[in-house]
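The structure appears right after this line, and notes come after that.
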């Protein structure tokens with residue numbers, strides 16, 4: 001069981017906000033809330049409990065305090081109101097409402113009217129007669145008096161014919177009375193011929209008359225209780241049968257007490273001792289005098305022993321509380337308080353030094369303690385379950401957070417679709433891309449910088465540079481393949497094919513050059529310079545190895561792109577003729593370099609990429625107010641699923657020269673030997689088999 005206690009300030013603020021939104025006065029909103037609260041209580045499982053409180057509206061209201069006392073066993077912080085009913089001479093009812101919570105009394109008409117309509121088939125109208133600070137109870141509580149008028153909505157047993165479109169006049173009522181009297185006389189005459197009943201029993205006519213009156217909804221009025229001439233009970237038996245009871249007079253002087261209450265409050269054995277010297281009234285919070293008690297005689301009374309009046313040996317224990325009802329005995333001028341200890345659990349029973357045997361066997365308190373002890377145990381188990389569930393929810397959220405971190409790290413190392421396949425335990429097949437653009441870059445004089453600087457300075461420099469490059473990969477949607485030392489490699493059109501792969505990589509290269517100028521050389525303090533090389537062509541992509549798998553690119557395109565970078569010029573972007581063809585007429589400023597000798601390729605006519613004439617540097621860098629780059633295939637590729645082809649390459653640095661290992665297979669054998677991808681068509685899956693065997697050999 002879980003619940004939360006809200007301060008009345010929050011409740012009143014909610015009411016004010018509801019009034020503002022609905023454009024209604026607070027009285028109407030609170031009354032509607034009272035009607036809804038009654039419906040909510042029925043839906044929450046309290047329907048049967050509420051229906052059995054009383055046979056009419058007065059009894060229902062008089063027993064509300066007892067219901068609140070029972071609910072307080074579960075909701076210890078509940079601050080329930082109190083009700084008292086008075087009957088006027090004209091038959092109308094005065095309802096006294098007492099509460100510690102001011103401003104909520106308009107809820108009462110909504111609840112009472114809904115109860116009368118649902119349970120007692122009657123209509124109730126309530127008007128406020130008086131509203132003042134409570135002077136009958138201590139604490140200056142709020143006291144509101146309602147005038148309650150109740151009328152029946154029509155009896156279900158009234159089968160008299162209805163006069164349509166006519167008002168009932170006095171003559172009609174007189175005719176009805178004469179007809180009823182004649183019918184009763186005829187029945188009485190028939191019953192007179194029946195044999196006489198034995199003495200002491202009701203005559204047959206009285207029984208017939210009761211049946212008739214039952215048909216007129218007057219069964220309760222016809223019942224007359226029978227009392228004995230004298231009380232057939234000994235004083236000693238009464239005190240033993242009701243071990244917790246107190247009889248006191250108008251001056252609160254104790255005249256009689258039960259045997260067990262004397263055991264726990266020995267001072268009560270002294271006759272004519274004042275009751276208020278040993279007890280204080282906890283509920284209802286009225287002044288301890290006979291007039292206030294008689295005014296609230298239909299309420300349940302809770303008395304608490306005063307600590308200073310109990311024996312010293314018992315003063316360290318919790319004080320005894322008694323709960324019961326007051327009954328006024330007019331002929332004796334005394335009040336009898338029939339009560340029992342107010343206990344909720346076996347623990348409280350032990351704290352007060354009581355035992356189950358101290359409570360009379362006919363007293364339901366015995367069963368209540370045991371049942372409530374079981375309920376408390378179930379509540380504790382429920383609370384433990386709720387705590388465990390909350391702990392599991394927190395752990396689940398933490399696990400989800402850690403899972404996202406792991407997936408982010410995994411997706412940074414491998415393409416998303418490849419990583420998902422590996423997580424599912426599937427085999428990633430190698431695939432061929434007909435065209436893509438590959439970029440290589442390195443830092444000019446990186447070897448000299450490493451020789452003259454501390455390692456931490458190199459790490460800080462590369463981290464600053466690569467962080468800027470990584471941001472640009474997201475801006476232009478190109479795939480970062482790998483970094484080895486100062487070498488940085490990206491590809492466009494892999495693993496997701498894109499028609500604008502060359503434009504994306506070209507703009508990325510221009511952004512790299514701008515970003516590199518923001519990184520300083522730890523030796524000279526000047527901006528560092530980079531060489532960039534681009535080449536466009538086909539590649540094969542696949543996952544290499546079983547332990548720490550990598551997504552690698554294979555093909556002569558990788559080798560040629562590496563040659564463009566190594567044969568480049570500092571602070572320039574070197575293009576192969578194939579990349580030049582892909583960028584031609586795309587708004588780029590390109591300068592022809594001329595024919596140069598390229599290792600393993602012979603003479604090649606290459607070019608320098610200078611700038612993009614269509615967009616600004618802020619747009620390329622995606623900073624400030626610059627608009628982001630928009631490529632013609634952005635929207636076309638938005639709904640396409642990723643192809644299950646891979647990419648990643650390994651780059652090694654040997655003696656200051658950069659070569660592509662595994663991705664540039666010709667460098668590992670003979671540079672004049674054509675690359676395997678140019679002459680031999682790869683079969684899908686063959687690449688994985690070769691590399692898996694290679695990994696096992698390692």
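Residue numbers (the UniProt record's numbering): 1 to 698.
All C-beta atoms in this analysis are idealised placements derived from N, C-alpha and C, irrespective of residue type, glycine included.
Separation of residue j from residue i, as counted between CA atoms
| i | j | result |
| --- | --- | --- |
| residue 58 | residue 112 | 11 angstroms |
| residue 36 | residue 372 | 29 angstroms |
| residue 370 | residue 234 | 31 angstroms |
| residue 271 | residue 336 | 15 angstroms |
| residue 464 | residue 7 | 54 angstroms |
| residue 477 | residue 567 | 27 angstroms |
| residue 660 | residue 490 | Residue placement at residue 660 is flagged as unreliable, the pLDDT there being 38, under the threshold of 50; the coordinate-derived value follows with that caveat. The alpha-carbon atoms of residue 660 and residue 490 are separated by roughly 13 angstroms. |
| residue 279 | residue 42 | 38 angstroms |
| residue 266 | residue 260 | 10 angstroms |
| residue 179 | residue 186 | 11 angstroms |
| residue 646 | residue 379 | Confidence at residue 646 is low in this model, with a pLDDT of 37, below 50, so the placement of that residue is unreliable and no value is reported for it. |
| residue 52 | residue 119 | 10 angstroms |
| residue 29 | residue 262 | 52 angstroms |
| residue 126 | residue 31 | 11 angstroms |
| residue 318 | residue 351 | 6 angstroms |
| residue 328 | residue 338 | 11 angstroms |
| residue 394 | residue 382 | 18 angstroms |
| residue 610 | residue 505 | 14 angstroms |
| residue 695 | residue 544 | Any reading at residue 695 must be qualified, since the residue scores a pLDDT of 39, below 50, and its modelled position is unreliable; the value itself is stated next. Between residue 695 and residue 544, the C-alpha separation is close to 9 angstroms. |
| residue 237 | residue 284 | 31 angstroms |
| residue 331 | residue 24 | 54 angstroms |
| residue 22 | residue 114 | 22 angstroms |
| residue 316 | residue 61 | 39 angstroms |
| residue 264 | residue 346 | 18 angstroms |
| residue 561 | residue 458 | 25 angstroms |
| residue 391 | residue 365 | 38 angstroms |
Per DSSP, the bridge partner or partners of residue i
| i | result |
| --- | --- |
| residue 554 | 540 |
| residue 245 | 338 |
| residue 488 | 441, 483 |
| residue 589 | 611 |
| residue 325 | 338 |
| residue 253 | 274 |
| residue 97 | 83, 144 |
| residue 151 | 123 |
| residue 545 | In DSSP, residue 545 forms no bridge with anything. |
| residue 388 | In the DSSP output, where bridge partners are listed per residue, residue 388 has none listed. |
| residue 130 | 145 |
Residue i, buried or exposed, once every other Cβ within 10 Å from all chains shown has been counted against 16
| i | result |
| --- | --- |
| residue 569 | exposed |
| residue 409 | exposed |
| residue 160 | Note that residue 160 has pLDDT 42, beneath the 50 cutoff, so the model's placement of it is unreliable and the number below is only indicative. When all chains shown are included, residue 160 counts as exposed. |
| residue 555 | buried |
| residue 16 | exposed |
| residue 109 | buried |
| residue 467 | exposed |
| residue 589 | exposed |
| residue 612 | buried |
| residue 5 | exposed |
| residue 143 | buried |
| residue 342 | buried |
| residue 736 | Outside the modelled stretch of the chain, which goes from 1 to 698, sits residue 736, for which no answer is possible. |
| residue 585 | exposed |
| residue 268 | buried |
| residue 442 | buried |
| residue 702 | The requested residue 702 does not occur in the structure, where the chain is confined to residues 1 to 698. |
Cβ-based neighbour list, residue i, same chain, cut-off 6 angstroms, excluding 5 preceding and 5 following
| i | result |
| --- | --- |
| residue 348 | none |
| residue 511 | 472, 620, 621 |
| residue 360 | 243 |
| residue 501 | 436, 437, 492, 493 |
| residue 480 | 473, 490 |
| residue 92 | 149 |
| residue 64 | 83 |
Cβ-based neighbour list, residue i, same chain, cut-off 7 angstroms, excluding 5 preceding and 5 following
| i | result |
| --- | --- |
| residue 275 | 246, 248, 252, 254 |
| residue 578 | 535, 536, 537 |
| residue 593 | 606, 607, 608 |
| residue 250 | 290, 333 |
Residues of its chain near residue i, where Cβ-Cβ distance is below 8 angstroms and the 5 sequence neighbours each way are ignored
| i | result |
| --- | --- |
| residue 129 | 94, 145, 146, 147 |
| residue 514 | 617, 620, 621 |
| residue 355 | 349 |
- [ ] Would you check if the segment 408-423 and the segment 523-533 touch, i.e. whether three or more CB-CB distances between them fall below 8 angstroms?
- [x] no
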